[in-house]
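J.:
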Amino acid sequence: MQQGRKKGESKANQGMEIPKTLTIPKLFLKQAEKFGKNTIAMREKGFGIWRPITWHDYLENVKHLALGLISIGLKNQDKICMIGTNRPEGLWAEMATMCARGIGVWLFQECLIDEVKYIVDNSDTRFIFCESQEEVDKALSIFDECPKLEKIIWDDPKGMRDYEQDYLISFKDLQQLGRELDQKQPNLFEEIILKGHGDETALLFYTSGTTALPKGALLSHYNMLTMGKNLMTVDPCLETDDYVSYLPFAWIGEQMMSISCGLQIGFTLNFPESSETSQADIRQIGPHVMFAPPRMYEQMTRTVQVKYLDSTWIKRKCYELAAKIGYHVADLKFEKKPIPFHWRLLHVLAYIGVQKKLKDNLGLSRVRNAYTGGAAMGPDHFRFFHALGVNLKQIYGQTEVAGISVIHRSGDIKFDTVGTPIPETEVKITKEGEIITKSPSVFQGYYKNPEATEKTLIDGWLYSGDRGFIDDDGHLVVFDRSKDVMTLKDGRPFAPQYLETRLKFSPYVKDSWVIGNNLDYLTAVICIDYSVVGNWADEKKLTYTSYPELSQKTEVYDLVEKQIRQANKDLPEPAKIRKFINLYKELDADDDELTRTRKLRRAFVLNRYQQIVDALYSEEDMVHIDTTISYEDGRKAHIKADLHIRKI
Amino acid sequence: MSTTFLPCGDYHQTYAQEHAWWQTKFIKGKMICLFLCLFVFIPLVANDYWISICNMVGYTILGALGVQLLIGYCGQLTLGQGAFIAVGAYVSTLLVLEFPWPQFMLDWGIAYPVSVLVAGIAAGIWSVFFGLPSARVKGFYLILTTMAAQFITVDFLLTQYVSQIGGRGQAFSLPAGTIKLGPWVIDSDLKVYYLMIMLVIVFCVVISNLMRSRVGRAWVAIRDNDISAEVMGINVVKYKLLAFFVAGFIAGITGAFWISNLAAISPEHFPWFLSLSLVGVILIGGVSSIHGTIFGAIFMVVVMELLQLAVMPLADTYPKLLMDFLFIKEAAFGLAICLFLMFEPNGLAYRWWQIKNYFNLWPFSY
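Chains A and B supply the protein sequences, listed in that same order. Per our numbering, residue 246 is the first one in the first sequence, and the count goes up by one each step. Per our numbering, residue 3 is the first one in the second sequence, and the count goes up by one each step.
1. Which one of B:Leu311, B:Phe142, B:Leu36 and B:Val281 has the shortest CA to CA distance from isoleucine 330 of chain B?
2. Counting only beta-carbon atoms, is proline 297 of chain A nearer than 8 angstroms to chain B?
3. Can you tell me the Cα-Cα spacing of lysine 700 of chain A and tyrosine 692 of chain A, whole angstroms?
4. 8 angstroms is my cut-off, CB to CB: does aspartate 605 of chain A come that close to chain B?
5. Pull up the DSSP beta-bridge partners for histidine 883 of chain A, would you.
6. Quick one: which unbroken alpha helix (DSSP H) runs of 4-plus residues sit fully inside the segment 723-772 of chain A? Chain order, please.
7. Tell me, please, whether the CB atom of threonine 768 of chain A is closer than 8 angstroms to any CB atom in chain B?
8. Can you give the Cα-Cα distance for glycine 531 of chain A and phenylalanine 630 of chain A, rounded to whole angstroms?
9. Step through the CB atoms of chain B and report whether any lies within less than 8 angstroms of the CB of isoleucine 597 of chain A.
10. Under 8 angstroms, Cβ to Cβ, is there at least one residue of chain B near lysine 282 of chain A?
11. Give the secondary structure of lysine 265 of chain A by DSSP, where H, G and I count as helix, E and B as strand, and everything else as coil.
12. If you compare alpha carbons, which of A:Leu464, A:Ala495, A:Cys506 and A:Gly779 is closest to glutamate 800 of chain A?
13. For methionine 198 of chain B, does the three-state DSSP call read helix, strand or coil?
14. Using beta carbons (cut-off 8 angstroms, strictly below), is proline 9 of chain B in contact with chain A?
15. Taking the continuous alpha helix (DSSP H) assigned at glutamine 19 of chain B, which residues delimit it?
16. Would you mind reading off the limits of the beta strand (DSSP E) that contains glycine 507 of chain A?
17. Kindly indicate the opening and closing residues of the beta strand (DSSP E) around lysine 324 of chain A.
18. Name the residue from B:Phe106, B:Cys56 and B:Phe327 whose alpha carbon lies nearest to the alpha carbon of cysteine 39 of chain B.
19. Let's see if you can read the secondary structure: which residues bound the beta strand (DSSP E) around asparagine 515 of chain A?
20. Taking all protein chains shown into account, decide if alanine 257 of chain A is buried (16 or more other Cβ within 10 angstroms of its Cβ) or exposed.
21. Between the beta-carbon of proline 9 of chain B and the beta-carbon of tyrosine 564 of chain A, is there less than 8 angstroms?
22. Measure the alpha-carbon distance for phenylalanine 342 of chain B versus threonine 26 of chain B and round it to whole angstroms.
23. Which one or two residues does DSSP pair with methionine 535 of chain A in a beta bridge?
24. Within 10 Å of its beta-carbon, does methionine 3 of chain B have 16 or more other beta-carbons around it, so buried, or fewer, so exposed?
25. So alanine 121 of chain B and isoleucine 339 of chain B are in contact, right, with Cβ under 8 angstroms, and what is the actual spacing, rounded?
26. Expressed to the nearest angstrom, what Euclidean distance is found between the alpha-carbon atoms of arginine 810 of chain A and aspartate 835 of chain A?
27. Give a yes or no on whether 8 angstroms exceeds the smallest Cβ distance from glutamine 25 of chain B to chain A.
28. Residues in the same chain with beta-carbon distance under 8 angstroms from threonine 842 of chain A, minus the five sequence neighbours each way, listed in chain order, please.
29. Just reading off the alpha helix (DSSP H) that phenylalanine 132 of chain B is part of, what are its end residues?
30. Please report how far the alpha carbon of phenylalanine 188 of chain B lies from the alpha carbon of glutamine 78 of chain B, in whole angstroms.
31. When you measure from the CB of glutamate 784 of chain A to every non-hydrogen atom of the ligand NAP, does any distance come out below 7 angstroms?
32. Among A:Glu289, A:Tyr766 and A:Gln742, which residue has its Cα nearest to the Cα of serine 757 of chain A?
33. Could you pull out every residue in the same chain whose Cβ sits closer than 6 angstroms to the Cβ of serine 554 of chain A, ignoring the five residues on either side in sequence?
34. Check whether the segment 277-292 of chain A and the segment 311-319 of chain A are in contact - that is, three or more C-beta pairs closer than 8 angstroms.
35. Using 8 angstroms as the threshold, is the C-beta distance between valine 868 of chain A and leucine 851 of chain A below it?
36. State yes or no: is the beta carbon of glutamine 356 of chain B nearer than 8 angstroms to at least one beta carbon in chain A?
What follows is the structure in structure tokens.
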């Protein structure tokens, strides 16, 4: 059953104006005073329980940290890097940086050393917050190459006993320095915050960059706050809501929810025990609002499909029946047709019988609004969640607008569009078909990169580089990145993303890459899902020792062929995949094949796997690969493999 | 306590919440229904015959709880629980009948409640006495020393000496109206039923609480590995004897409760087979589980009763069945234990857990 949009306690927020002078720290101070010791600002799971942290504790910690930063010499608009998992300490560091009028820069935790070095150096970072020994080691190894870096602040003491460098300082010691400064100058913290202005830069975000080196986007307090306000106007959140913060803080979507929205409403942020337990922890909390890239939802769908396959006969039949009812009702809703009474009744039964428990199982039973954005999501996944009764919405946005600009409205959802613009936001299509946006949240420019800024920001309009159009209902349809759009044999434009996401609906396919721009026919490179296909192979009593071996089994090829035939169904002839190959490895961000947010870097993979592409468009049915791959810890391995090519 | 299945959105901020009883609304509702059923529904619908069956179930639960504590939680094998029940029953009876109570105490109905408590303590001390060997011996040898308790207490002391008190011969008769709890005269099956339900609830609560306390954890540690438990700083002998005391105490109360249901008591009420069948109850129900004790008791009493109902009509054709029914019952008991050990070694409690899991994981299998 779909939960309706809840209004009510959100009045305070809707009436809230964002004056130009308001900054995130000022708002933080106001909220901390309002909520005080009685309201829980965040929880962190540790040793099995969700330890609560009140707004008062939050304020105290941030205050001492901010003053600590000032006492080690932080100046106005200095950059501070943060690297680590989602923990309260990470958020405190970010908030303290902004309170001390510095600029926060988040790094993805799994960034390789080169990326860390590039960003630290490019952003002129003076201090870096590292969560644990692992991050400290990364920072230490680049310390000599980044002359502007002065101090490394670490939090988790595990393994840190023998580090004696004098530029290392612990989180606790820094807070102690702050406490001492606070005693000397009791009102310093508030004074510094009051000096701030909304147009000052708050955060520096490095865009993942599907093509070139990351660019740093400067976002002001005003950008961030208007973003949160406009999103909340569409889908109000409540003070009592729970939100789980587990996606990297370096991703703008997480910042938009945790800072822009979280601070304005004051909902409770929940931090999982560790990234490995995050799925189970999300299930425990049962968030009311969710924002995640499609891969998270794809993973959920895959889990359901695999568990369904492993279930017993009765349970499978019940699931199938409920799914049928759910799909039918969801389709009627998409078409905005009235739902006949008997279908409503069946839907209630399906809800009680299966969907309620299924949503509980996935941790979605309290979700009011679930958002997906950051990459394309296939219509199959989208229908799946709506059939389950989850109010999943597409959003469209980018780092440069501090989050999002276009969103689905409840009850007006079309799975091939991304919805309509949020308030105070204008979206237009240029003559070339490029999507451009104007809103108070549009960023200030790229850091130290005026040429890129000039190209992107023209007359206050943000040029996104995405191709799209606006349909008859005023919904924006995002086709693809302009440079990714393909031309089929018959001259029609075609978005490879569309086929790729369709392929990914199969639980056996983890990643796919569709090729065929200006070529005779389309082909695909498939990365199978090791654990799912592995289980399948175990059941079929197929022997294998590794991913490369499993991927080249004839039976696995048969399996993938079936999935591709399924995806090919009801597509026009030239848009059907004619040949495919199973790759010997999964695509990985560490090999630069994907961005950190798992978008395919087409130009790079095309270059890297040229040999495979050539083979796909020749008469051969086998291609020999001889290459090296790099592991996360920097080790390299040599790989030789023969890959089969299968025609369909 | 097994971990509770929590629905999404139900989480704990403190350890106290994590150890709380009745954590979800569903469990609360379920328990309220159970209490309504026990206190209202069963007394309303059941006739005297079924109430007496319920009383038998309750008696078996109370008797088996002590065995569960010793075997299931503390790992001390025992085959002498019947002896301690007998001690409780006899102490209580003797106190009520023979003790020179001042008249007002008899009038106010204080004699029986006091005797119940004394019976519990006496049986507890008696149990500790026979538990002393557990300081040195384990496993089979402990079975033998506890069996000794049965034969020394019931077959020797009670039969030969205690029964002769007052020159009544074998049995002590308990005239109607002797058993009074304050103004409440327990003289019908239904009243025994209410007393039984309250005792069962109290002892289930006591044992569950003990098991989530330091004492309970010490017992479990001794059960799992007594050497490691000792290394961890647990005084093994002390905790073993404490387990014997608590088990004996429960047995004593059970015995003292049971006399309210009897018109007369004699040593034949406490044969060695009683001790054995109580161990059978926890094997069938599930070792280390309070649920299991209850399921086992229900199974033992109700199934045997149904067996009787099934066999009796045949007695017209085969009169010998009537004569031999006791043997059939014992054979069925033996068969049940064999079958359970083979096909359901974790007892009914495990099956219960699996059924719950089946629905908790719906519509998946894991």
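Note that the Cβ used here is the ideal one computed from N, Cα and C, for glycine as well. The structure presented is a predicted model; accordingly, all values stated were derived computationally and were not measured.
T.: Short version:
1. B:Leu311
2. Yes - at least one Cβ of chain B is within 8 angstroms of the one on proline 297 of chain A.
3. 14 angstroms
4. By this cut-off, aspartate 605 of chain A is an interface position.
5. A:Thr873
6. 741-748
7. For threonine 768 of chain A, not one C-beta of chain B is nearer than 8 angstroms to its own C-beta.
8. Approximately 16 angstroms between the Cα atoms of the pair.
9. no
10. no
11. coil
12. A:Gly779
13. helix
14. yes
15. 17-20
16. It is not in any beta strand (DSSP E) - glycine 507 of chain A instead sits in the alpha helix (DSSP H) that spans 507-510.
17. That run of the beta strand (DSSP E) goes 324-328.
18. If we check each option's Cα against that of cysteine 39 of chain B, B:Cys56 comes out closest.
19. 513-516
20. Below a pLDDT of 50, predicted positions are generally treated as unreliable, and alanine 257 of chain A, at 44, falls in that range; the measurement from the model is reported next regardless. Classification of alanine 257 of chain A: exposed, given that the 10 Å Cβ count is below 16.
21. no
22. 32 angstroms
23. A:Ala615
24. Reliability fails at methionine 3 of chain B, whose pLDDT of 32 lies under 50, so the model's placement of it is uncertain and no value is given.
25. Contact doesn't hold; Cβ gap of about 30 angstroms is too wide.
26. 31 angstroms
27. no
28. Ser453, Trp496, Pro538, Gly619 and Ala620
29. 113-133
30. Residue identity check: residue 188 of chain B is isoleucine in the sequence provided, not phenylalanine. CA-CA distance, isoleucine 188 of chain B to glutamine 78 of chain B, rounds to 35 angstroms.
31. The ligand NAP is absent from the structure shown, which contains no ligands of any kind.
32. For serine 757 of chain A, the nearest C-alpha among the options comes from A:Gln742.
33. One detail in the question is off: residue 554 of chain A reads as leucine in this sequence, not serine. The same chain holds no residue with a CB closer than 6 angstroms to that of leucine 554 of chain A once the five nearest residues on each side in sequence are set aside.
34. no
35. no
36. no
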